[in-house]
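If you're matching positions, the sequence shown starts at 1 in the UniProt record's numbering and goes up one per residue.
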Amino acid sequence: MTALFPHCILRIALDTPLNTVFDYRWHCEPEARPLVGQLALVQFGSREVTGLIVEVLDETDVPEAKLKDALAVRSQLSPLSPQWLALAGFAADYYQRPLGEVALPGLPKNLRVGTTVALDRAIRKLAKNEAPHDATPANPPPLNAQQQAAADAIGGASGFTPTLLYGVTGSGKTEVYLQSCDQVLTREPDAQILILVPEINLTPQLEGNIRARFPGVMLATLHSSLSEGERMLHWLAAHQGRARIVLGTRLAILASLPNLKLIVIDEEHDPSYKQQEGLRYSARDLAVWRAWQLQIPIVLGSATPSLESWHHAQSGRYRKLELRERAVKNAVLPQVKLLDMERDKPKDGLTSQLIAALKLRMERGEQSLLFLNRRGYAPVICCESCGWISECTRCTSFMVLHRPEHRLRCHHCSLELRIPRHCPTCGNVDLQPLGRGTQRVEEGLQALFPEARVLRIDADSTRKKGSAQEAFDTVHRGEVDILIGTQMVAKGHDFKKLTLVGILNPDTALFSQDYRASERLFAQLMQVAGRAGRAGRTEGGSESEVLIQTRYPQHPLYGAVVNHDYDHFATALLEEREQAALPPYLFQALLRAEARELATALEFLTIARDCLAHPNITINDPIPMTMTRVHNVDRAQLLIESPSRPQLQAFLKEWMKMLREMKTSRVKWSLEVDPLDI
């Protein structure tokens with residue numbers, strides 16, 4: 001019977017590496033034709049998959065015999081807006097990926113897989129719950145002069161206004177965000193606001209602040225820890241315009257927000273905003289483009305802005321607002337001291353000065369934080385008799401000792417082995433751990449301070465869902481004397497009783513071959529230092545301190561940290577980058593190749609290097625990656641550079657066409673635009 005009805009052609013983008021769209025026939029009356037932006041279920045090979053309708057046509061050049069019928073159209077879901085389709089199209093073009101690989105993974109899995117049951121259930125659930133519309137804020141605290149000026153400038157902005165909110169740690173950037181949101185929601189009744197944070201563990205605290213401030217506004221959260229049902233419900237609330245504030249990690253930048261009026265990027269410098277697999281996009285950069293597309297304000301906040309954002313602010317491309325003082329009365333920036341490990345030899349990884357400082361805080365009932373960005377017990381175990389070390393058999397890396405679990409674990413391929421009872425080479429039973437991870441520091445602290453309440457927060461101790469938030473709640477309740485943590489504890493958290501931060505073993509980053517290492521180390525040190533003294537000094541309390549254990553106390557980076565001097569540090573780094581012709585004064589792309597043999601990957605990259613003439617484009621020689629072998633796969637890379645972003649994009653577009661036509665069955669390759677790790 002359906003053959004008697006008129007039909008149209010649906011041009012559909014699918015989540016496939018093929019850089020094309022696919023035509024399907026759909027039988028319907030003319031007035032019931034599907035709309036661009038709707039989702040459709042189609043047969044693709046042997047699978048039924050969901051695709052995105054990007055065109056609706058009257059005819060196609062696909063032969064009738066090869067033309068398949070679409071199976072269903074998700075008509076109960078309103079179409080994705082032209083602005084959202086343009087965002088997905090821009091990301092696909094800029095990052096050189098097929099449209100379907102960008103657009104479809106950005107949607108909830110329950111929309112893309114299976115039946116419409118989950119969608120129908122979510123729609124009914126939202127329909128039953130009347131969306132609140134009272135944007136009246138509850139008990140907003142008074143702002144200091146700098147905060148008020150920043151909130152008014154952001155909340156009163158119109159059009160595309162990119163703003164770098166540069167505020168020292170504890171300066172009250174979150175409160176500026178909230179009061180700026182208040183102004184936007186009050187002025188525009190249907191406005192939606194998108195707030196991005198770099199990591200999932202930062203969402204609960206900010207979510208609590210938002211709910212307390214705006215009890216009459218629907219809030220949606222979007223991050224990978226949500227169940228598929230929760231993500232579907234929250235995504236749909238945003239898509240329907242019911243959620244007035246959407247809080248999420250980087251994946252939320254691809255959320256459908258039909259009434260978006262303000263974007264806030266907190267900790268904008270954080271590398272977690274860059275997706276490192278699949279579509280390697282920067283959520284921060286896409287957010288700036290989305291704000292430009294919609295002609296709305298965007299705020300990029302940080303105590304240690306990325307050099308790219310700082311450069312834009314210095315050149316006038318971004319407006320810069322500054323918060324130079326801490327928001328809480330009597331709260332000042334902590335005093336930073338360098339502990340020379342050559343003079344004060346560490347015991348169990350801790351110098352005598354740091355041990356004394358920890359003891360003083362315990363006596364005063366205050367909290368301390370020890371920061372070490374290395375999980376596990378020790379980075380490696382070795383045999384002092386023959387020199388054997390615990391190397392991974394599948395990667396060019398070491399097996400990390402996890403002593404409580406009695407395991408050696410590779411942090412790259414997840415290979416786990418039992419701790420050997422004797423050296424595999426010479427049989428020596430006296431195997432020793434080298435270096436320290438958070439587990440070993442925890443063990444040493446419990447021996448030094450048996451009465452102390454010690455808590456470790458890292459990826460190993462917070463594997464279970466909800467365990468990270470439970471651990472942070474324990475700290476906030478004051479039930480911890482000494483907190484040991486990795487970068488999970490370095491930013492965003494407001495520990496009221498914490499007055500001491502000890503930083504262990506930061507020196508390794510000083511000698512990295514990565515030109516971004518010093519920028520990242522400085523940001524990391526400033527962020528973790530900012531956890532101390534945020535609540536102000538109480539009567540009889542200690543001055544907040546940050547103690548950095550180092551063997552290189554004269555290094556200029558540490559001098560900048562001691563003086564809390566981001567401005568001069570960033571200016572000096574930018575001068576170095578300009579002289580060396582590095583980003584942000586140069587634009588880069590990185591072609592990576594993986595194969596069973598390194599020679600195969602290098603051969604492919606050599607052919608790729610020579611296959612296209614490239615005026616004004618520099619293509620460097622292919623080289624093995626720093627981590628050459630991961631999970632029995634060898635990896636190499638090819639760096640492409642240009643002083644012109646448009647010229648680089650034009651070259652990449654033509655180059656990708658040629659590479660996709662090459663026979664590469666023995667090689668898996670991928671392109672990353674604006675790479676962070678080289």
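By construction, the Cβ of each residue, glycine as well, lies at the ideal position given by its N, Cα and C atoms. These numbers come from a predicted model, not from an experiment.
Check                                                                                                                                                                             : Outcome
Report the CB separation of A122 from L251 in whole angstroms; it is logged as a contact under 8 Å.                                                                               : Their Cβ separation, rounded to whole angstroms, is 18 Å, which puts A122 and L251 out of contact at 8 Å.
Within the stretch 339-399, note down every full beta strand (DSSP E) run reaching 3 residues or more, in order along the chain.                                                  : 367-371, 380-383
Less than 8 Å between C-beta atoms, sequence neighbours within five positions excluded: which residues of the same chain meet that for A313?                                      : L164, Y166, P305, R319, K320
Looking at the structure shown, is Y552 part of a helix, part of a strand, or coil, going by DSSP?                                                                                : coil
Which whole-angstrom value is the C-beta distance of I678 and L639, which I expect to be below 8 Å?                                                                               : 6 Å
Rounded to whole angstroms, what's the CA-CA distance from K274 to A212? Just pull it up for me.                                                                                  : 30 Å
Return the bridge partner residues of T618 from the DSSP annotation.                                                                                                              : E641
In the DSSP assignment, what residue or residues form a beta bridge with R592?                                                                                                    : Q637, S670
Could you name each continuous beta strand (DSSP E) segment of 3 residues or more that falls completely within the stretch 33-82, going from the start of the chain to the end?   : 39-44, 47-57
Could you give the DSSP three-state label for H312: helix, strand or coil?                                                                                                        : helix
Please confirm whether R324 and V168 have their CB atoms less than 8 Å apart.                                                                                                     : yes
In whole angstroms, what is the alpha-carbon distance linking T180 and V264?                                                                                                      : The amino acid at residue 180 is misidentified as Thr; the sequence shows Ser. Distance between the alpha carbons of S180 and V264 is about 10 Å.
Closest by CA to D134, which one among R112, R25, I245?                                                                                                                           : I245
Decide yes or no for the touch test of the stretch 327-339 against the stretch 443-461: beta carbon pairs closer than 8 Å, at least 3 of them.                                    : no
Classify Y585 as helix, strand or coil using the three-state DSSP reduction.                                                                                                      : coil
By the three-class DSSP mapping on this structure, what secondary structure does T499 have?                                                                                       : strand
Kindly provide the ranges of any beta strand (DSSP E) runs that are 3 or more residues long and lie completely inside the stretch 439-495, ordered along the chain.               : 454-457, 482-485
In whole angstroms, give me the CA-to-CA distance for A150 and P141.                                                                                                              : 15 Å
If we call anything under 8 Å between Cβ atoms a contact, is L99 one with A88?                                                                                                    : yes
Under DSSP, the beta strand (DSSP E) around Q246 begins and ends at which residues?                                                                                               : Note that residue 246 is Val in the sequence shown, not Gln. Taken as a continuous stretch (DSSP letters only), the beta strand (DSSP E) holding V246 covers 245-248.
Would you please verify whether the beta carbon of Q76 is less than 8 Å from any beta carbon of chain D?                                                                          : The structure shown contains no chain D, having only a single protein chain.
Can the beta-carbon of I253 be found less than 8 Å from the beta-carbon of L286?                                                                                                  : yes
Only counting the same chain, and skipping five residues up and downstream in sequence, which positions put a Cβ closer than 7 Å to that of R453?                                 : E479, V480, D481
Compute the distance between the beta-carbons of G466 and R374, then report whether it is under 8 Å.                                                                              : no
For the 8 Å Cβ check, are there 3 or more pairs between the stretch 399-415 and the stretch 351-371?                                                                              : no
Take every Cβ of the stretch 595-609, pair it with every Cβ of the stretch 369-387, and state whether three or more of those distances are shorter than 8 Å.                      : no
Tell me whether the stretch 605-622 and the stretch 641-650 touch, counting them as touching only if at least three CB pairs, one residue from each stretch, are closer than 8 Å. : yes
Please return the same chain residues whose Cβ sits closer than 6 Å to the Cβ of R394, not counting the five positions on each side in sequence.                                  : C413, L415, H631, N632
Please report the straight-line C-alpha distance between V299 and E175, rounded to a whole angstrom.                                                                              : 13 Å
Are the beta-carbon atoms of S544 and G559 separated by less than 8 Å?                                                                                                            : no
Taking K663 as part of the alpha helix (DSSP H), name the residues at either end of that continuous run.                                                                          : From DSSP, K663 is part of no alpha helix (DSSP H); its letter is neither H nor E.
Could you check if V113 is buried or exposed, using at least 16 other CB atoms within 10 Å of its CB as the buried criterion?                                                     : exposed
Locate the beta strand (DSSP E) running through P162, then write down its first and last residues.                                                                                : 162-167
Quick one: complete alpha helix (DSSP H) runs, 4+ long, within the stretch 277-339?                                                                                               : 283-294, 307-315
Given a cut-off of 8 Å, decide if L338 and T664 are closer than it, judged by their beta-carbon atoms.                                                                            : no
Would you call N505 buried or exposed, if buried means 16 or more other Cβ atoms sit within 10 Å of its Cβ?                                                                       : buried
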